[in-house]
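Shown next, in structure tokens, is the structure this report addresses.
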Amino acid sequence: MLALVNTPSAPIPVELNEVPEPVPMPGEAVVEVHAFSLNRGEIALLASRPDGWRPGQDISGVVVQPAADGSGPEKGTRVVALVDGAGWSQRAAALTARMAVLPDTVSFASAATLPVAGLTALRTLRQGGSLLGQRVLITGAAGGVGSFAVQLAALAGAEVTGVARHPDHVVGLSELGATALVANIQEAEGPFDLILESVGGASLAGAISKVAPGGTIVVFGNSSREETSFSFPNFSGHAGARLLAFFIYESGTPSSMGVDLAKLVSLVAAGRLTPQIGLEDSWYNVYRDAAAVRDRKVNGKAVFHIG
Numbered sequence: 407m408l409a410l411v412n413t414p415s416a417p418i419p420v421e422l423n424e425v426p427e428p429v430p431m432p433g434e435a436v437v438e439v440h441a442f443s444l445n446r447g448e449i450a451l452l453a454s455r456p457d458g459w460r461p462g463q464d465i466s467g468v469v470v471q472p473a474a475d476g477s478g479p480e481k482g483t484r485v486v487a488l489v490d491g492a493g494w495s496q497r498a499a500a501l502t503a504r505m506a507v508l509p510d511t512v513s514f515a516s517a518a519t520l521p522v523a524g525l526t527a528l529r530t531l532r533q534g535g536s537l538l539g540q541r542v543l544i545t546g547a548a549g550g551v552g553s554f555a556v557q558l559a560a561l562a563g564a565e566v567t568g569v570a571r572h573p574d575h576v577v578g579l580s581e582l583g584a585t586a587l588v589a590n591i592q593e594a595e596g597p598f599d600l601i602l603e604s605v606g607g608a609s610l611a612g613a614i615s616k617v618a619p620g621g622t623i624v625v626f627g628n629s630s631r632e633e634t635s636f637s638f639p640n641f642s643g644h645a646g647a648r649l650l651a652f653f654i655y656e657s658g659t660p661s662s663m664g665v666d667l668a669k670l671v672s673l674v675a676a677g678r679l680t681p682q683i684g685l686e687d688s689w690y691n692v693y694r695d696a697a698a699v700r701d702r703k704v705n706g707k708a709v710f711h712i713g
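Residues 407 to 713 in the numbering used here are what the sequence shown lists, from first letter to last.
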């Protein structure tokens with residue numbers, strides 16, 4: 407079968423190559439992949455991983471071989487799944503515990519946006535507890551995680567402020583549920599009960615100055631690649647505030663990931679959650695399009711179709 411393989415020593419650092427068919431573990435089903443989405447973190451990994459490494463976390467498609475242990479959906483079922491890697495392939499092995507069934511009304515493209523970005527948005531928001539009537543600040547609001555977080559926070563009854571650096575990135579965020587939009591965190595009118603922070607550097611330092619006493623800052627990225635300097639006096643006036651680090655694969659159990667994916671799918675099917683797809687293309691063009699994702703020229707998610 408064909409798969410996109412890391413080739414950092416070649417002129418193009420990711421190429422379509424012939425690879426062996428997946429050999430699933432007992433709790434894994436083999437999925438014929440129809441679509442996958444690209445995460446910015448995967449672009450960085452292409453430069454650091456060795457030749458032959460196979461990227462890909464977010465996949466959607468059809469089960470062609472059910473799990474040997476009897477778990478998960480039957481052959482022919484449309485699914486979305488989060489995998490550890492090797493998802494940019496014609497077929498991939500996926501844990502049934504990290505899988506959800508797709509109704510016919512949810513496209514493979516929409517579903518492929520959900521695993522990393524959707525689960526991150528859902529699970530970081532949970533760190534704030536009940537959000538009804540709470541004030542939530544979301545950095546990177548126009549990105550894949552951010553656009554989901556804006557919608558989910560608004561659905562939960564929060565007053566949402568979105569941070570988007572580029573003026574053209576704020577288009578549509580109000581319709582998604584943001585009640586206020588700012589270009590940087592310093593412009594946001596705090597305090598906030600929950601802050602989702604993915605930029606790092608000065609943005610993270612600014613988050614500390616904006617969090618309410620007893621509030622929570624969840625750090626799930628560092629897109630600026632900058633360090634943040636702060637000391638105890640920075641927390642003056644913010645007594646009881648928490649600063650939490652979030653990593654998707656360390657959040658909850660594999661089985662709960664499948665449950666949460668199903669929740670996200672049901673919201674999409676009901677028209678209450680709308681994946682923001684800023685780029686949709688063939689997988690033959692992944693490397694060409696990756697530069698636009700890396701340089702933040704794509705609002706929402708980039709999705710690629712196999713075939």
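Heads up, the beta-carbon is just placed ideally off N, CA and C, and yes, glycines get one too.
What you are looking at is a predicted structure, and each value in this text was computed from that prediction instead of being measured.
Below 8 Å, how does it come out for the stretch 589 to 599 and the stretch 611 to 618: are there three or more Cβ pairs, yes or no?
yes
Under the assumption that residue 465 contacts residue 437 (Cβ atoms under 8 Å), give the Cβ distance between them as a whole number of angstroms.
The residue labelled residue 465 in the question sits at position 59 within the sequence shown. The residue labelled residue 437 in the question sits at position 31 within the sequence shown. About 6 Å separates the two Cβ atoms, so the contact holds.
Quick one: Cα of residue 664 to Cα of residue 487, how far?
Start at 1 with the first residue of the sequence shown, and residue 664 comes out as number 258. Start at 1 with the first residue of the sequence shown, and residue 487 comes out as number 81. Their Cα atoms are separated by approximately 8 Å.
Classify residue 475: buried if its beta carbon has 16 or more other beta carbons within 10 angstroms, exposed otherwise.
By one-based count along the sequence shown, residue 475 stands at place 69. Around the beta-carbon of residue 475, fewer than 16 other beta-carbon atoms lie within 10 Å, marking it exposed.
Indicate the three-state DSSP secondary structure (helix, strand or coil) for residue 421 in the structure shown.
Taking the first residue of the sequence shown as 1, we reach residue 421 at position 15. Looking at residue 421 - three-state DSSP - the assignment turns out to be strand.
Please classify residue 472: does DSSP put it in a helix, a strand, or coil?
Here residue 472 is taken as the residue at index 66 of the sequence shown, counted from 1. Correct three-state label for residue 472: coil.
Within 10 Å of its beta-carbon, does residue 558 have 16 or more other beta-carbons around it, so buried, or fewer, so exposed?
The sequence position of residue 558 within the sequence shown is 152, counting from 1. By the neighbour-count rule (16 or more Cβ atoms within 10 Å), residue 558 is buried.
Within 8 Å, strictly: CB atoms of residue 684 and residue 706:
Here residue 684 is taken as the residue at index 278 of the sequence shown, counted from 1. Here residue 706 is taken as the residue at index 300 of the sequence shown, counted from 1. For the pair residue 684 and residue 706, the CB atoms are nearer than the 8 Å cut-off.
Find out if the Cβ-Cβ distance for the pair residue 515, residue 441 is shorter than 8 Å.
In the sequence shown, counting from the first residue as 1, residue 515 sits at position 109. In the sequence shown, counting from the first residue as 1, residue 441 sits at position 35. Contact: yes.
Helix, strand or coil: which one does DSSP assign to residue 577?
Counted from its first residue, the sequence shown places residue 577 at position 171. Coil at residue 577, not helix or strand.
Across which residues does DSSP place residue 484 in a beta bridge pair?
The residue labelled residue 484 in the question sits at position 78 within the sequence shown. According to DSSP, residue 484 bridges with 468.
Could I get the ranges of all uninterrupted beta strand (DSSP E) runs contained in the stretch 551 to 601, with 3 residues as the minimum, in chain order?
565 to 569 and 584 to 588
Going by CA-CA distance only, name the one from 597, 547 and 492 that's closest to residue 578.
For the purposes of this step, residue 578 is taken as residue 172 along the sequence shown, with counting starting at 1. When only C-alpha atoms are compared, the closest one is 547.
If we call anything under 8 Å between Cβ atoms a contact, is residue 715 one with residue 470?
Because the chain is modelled from 407 through 713, residue 715 falls outside the range shown and cannot be assessed.
Output the distance between the C-alpha atoms of residue 477 and residue 712, rounded to the nearest integer angstrom.
The residue you call residue 477 lines up with position 71 of the sequence shown. The residue you call residue 712 lines up with position 306 of the sequence shown. When rounded, the distance between both Cα atoms is 26 Å.
Would you check whether the ligand FMN has a heavy atom nearer than 7 Å to the C-beta of residue 712?
With respect to small molecules bound, the structure shown includes none, and the ligand FMN cannot be examined in it.
Distance check for residue 541 and residue 597, CA to CA, integer angstroms please.
For the purposes of this step, residue 597 is identified with residue 191 of the sequence shown, where counting begins at 1. For the purposes of this step, residue 541 is identified with residue 135 of the sequence shown, where counting begins at 1. Rounded to whole angstroms, residue 597 to residue 541 spans 8 Å at the Cα level.
Determine the direct distance from the alpha carbon of residue 414 to that of residue 453, and round the result to whole angstroms.
On the sequence shown, position 47 is the one that residue 453 refers to. On the sequence shown, position 8 is the one that residue 414 refers to. About 6 Å.
Give, in chain order, every unbroken run of the beta strand (DSSP E) that is at least 3 residues long and sits entirely within the stretch 424 to 454.
434 to 444
If you follow the alpha helix (DSSP H) that residue 662 is in, where does it begin and where does it stop?
Within the sequence shown, numbered from 1, the residue matching residue 662 stands at position 256. Its alpha helix (DSSP H) spans residues 660 to 675.
Once DSSP output is grouped into helix, strand and coil, what is the label at residue 477?
For this step, residue 477 is matched to residue 71 along the sequence shown. Coil at residue 477, not helix or strand.
Put residue 707 into one of helix, strand or coil per three-state DSSP.
What you label residue 707 is simply residue 301 of the sequence shown in a count that begins at 1. Of the three classes helix, strand and coil, the one that applies to residue 707 here is strand, per DSSP.
Indicate the three-state DSSP secondary structure (helix, strand or coil) for residue 692 in the structure shown.
Stepping through the sequence shown from its first residue, residue 692 is reached at position 286. Here residue 692 sits in helix by DSSP.
Excluding the 5 residues flanking residue 570 on each side, which residues of the same chain have their C-beta closer than 6 Å to its C-beta?
What you label residue 570 is simply residue 164 of the sequence shown in a count that begins at 1. Closer than 6 Å at Cβ, skipping near neighbours: 547, 548 and 576.
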